[in-house]
Amino acid sequence: MRKPNGNKMAMNDKARERKIKIAVSSSASAVNMGLGIVKVLAGIYTNSLSIITDGVNNFGDVLSNAGAAVGFAVENKAPTEKFPAGFGRVEYIVTFIMAIIIMAVGGGFAYSALDRIFYHPVITFSWVQFGIIAATIAVKIGLAVMFRLSYVKYRSDVLKAQTLDSVLDACITTFALLGLFLSRYISFPIDAVIGLIISAVMIAAGVKLFVGEFVRLAGGADERRVGGLKKLCLAQKSVTDARVRVYDFGTKYAEAVVELTFEENVRQEDRSAAENKISAVARQHGIAVTFAEFKEGQ
1 MRKPNGNKMA
11 MNDKARERKI
21 KIAVSSSASA
31 VNMGLGIVKV
41 LAGIYTNSLS
51 IITDGVNNFG
61 DVLSNAGAAV
71 GFAVENKAPT
81 EKFPAGFGRV
91 EYIVTFIMAI
101 IIMAVGGGFA
111 YSALDRIFYH
121 PVITFSWVQF
131 GIIAATIAVK
141 IGLAVMFRLS
151 YVKYRSDVLK
161 AQTLDSVLDA
171 CITTFALLGL
181 FLSRYISFPI
191 DAVIGLIISA
201 VMIAAGVKLF
211 VGEFVRLAGG
221 ADERRVGGLK
231 KLCLAQKSVT
241 DARVRVYDFG
251 TKYAEAVVEL
261 TFEENVRQED
271 RSAAENKISA
281 VARQHGIAVT
291 FAEFKEGQ
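Using the UniProt record's numbering, read the sequence shown as starting at 1 and increasing by one per residue.
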């Protein structure tokens, strides 16, 4: 019986993963478009800034989800002459752009919330609008679960960021709904205060995401991979020390240069066995290892 080709199976798995991630992000983009329209219309009807803010935030999610889908479409594209290491780092760019969108939306509505604290518009409460907005919370929780399940199966910082964004959106909508309800009983502009809190949470989440992706794009040290490789090296027989340098080409692929220090009088077969073991394990995690001696100053 003819055995299945391992490389072909791996390619099929990658293609299936890419299709699923594109489908997840694309469907989320469409859902967020619908949520944004519903929330903005409800916010205009009730004159609630926090509801309008929440709705426009969903429009930002439309762009970020669409960008994620585009990123997933090209991340496994075959290397070219201009991009010999492939397109894995596109994921970092997409996440970076998502962070900027989150911060921009948060900043814009922080300004609007502050303006409303000093100018108190009348808010019209409606149980129909209240129920519609409450239903959108369940939809956002559903999106968060979908992204989380996808992240568990296909480790991706973009999916992780989308999970966090969906959870934050559900919390934001909950607080916006609370502000709308309390506006029936409180003359103080609680709606604007909650809108300001929502904006602050969005900005903080955006800044955290922005800093992390900026460090990656700027070529910062990949502490997770470096630490894992060093631990793997030191676990090998006769290895006393290891210097590791990792070159990050995306979440699925990296290259590493490793210098091993062995015990005195170590046998060549033990040295080769250690290097082969390190290379094999690293390859399973998408890291191509080269063993070399570091020169001074490197």
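Backbone N, C-alpha and C fix where the C-beta goes; we use that ideal spot for every residue, glycine too.
| query | result |
| --- | --- |
| Can you give the Cα-Cα distance for A30 and A69, rounded to whole angstroms? | 12 Å |
| What are the residues that DSSP puts in a beta bridge with V289? | A256 |
| Residues in its own chain within less than 8 Å of G228 by CB, not counting five upstream and five downstream? | H285 |
| Quick one, which of F125, A138 and V246 has its alpha-carbon nearest F181's? | F125 |
| Just the Cα atoms here: how many angstroms apart are I51 and L177? | 7 Å |
| What separation, rounded to the nearest whole angstrom, lies between the Cα atoms of L232 and E259? | 13 Å |
| Does DSSP classify T173 as helix, strand or coil? | helix |
| Return the chain-ordered list of same chain residues with a C-beta closer than 7 Å to the C-beta of G297, the five sequence neighbours on each side being excluded. | Reliability fails at G297, whose pLDDT of 44 lies under 50, so the model's placement of it is uncertain and the value that follows must be treated cautiously. Here the set comprises nothing. |
| Less than 8 Å between C-beta atoms, sequence neighbours within five positions excluded: which residues of the same chain meet that for A282? | L229, L232, A256, A288 and V289 |
| Measuring straight from C-alpha to C-alpha, what distance separates F96 and S156? | 14 Å |
| Nearest to A110 by CA position, among F147, G250, F262 and V193, is which residue? | V193 |
| Any idea if K295 is buried or exposed, counting beta-carbon neighbours within 10 angstroms, 16 or more meaning buried? | Model confidence at K295 stands at a pLDDT of 48, short of 50, so the residue's coordinates are unreliable and nothing is read from them. |
| Where L63 and R148 are concerned, what is the direct C-alpha to C-alpha distance, given to the nearest angstrom? | 20 Å |
| Tell me Y247's beta-bridge partners as DSSP assigns them. | E255 |
| By DSSP's criteria, T261 is part of a beta bridge. Which residues make up the other side? | D241 |
| How would you call S199, buried or exposed, if buried means at least 16 neighbouring beta carbons within 10 angstroms? | buried |
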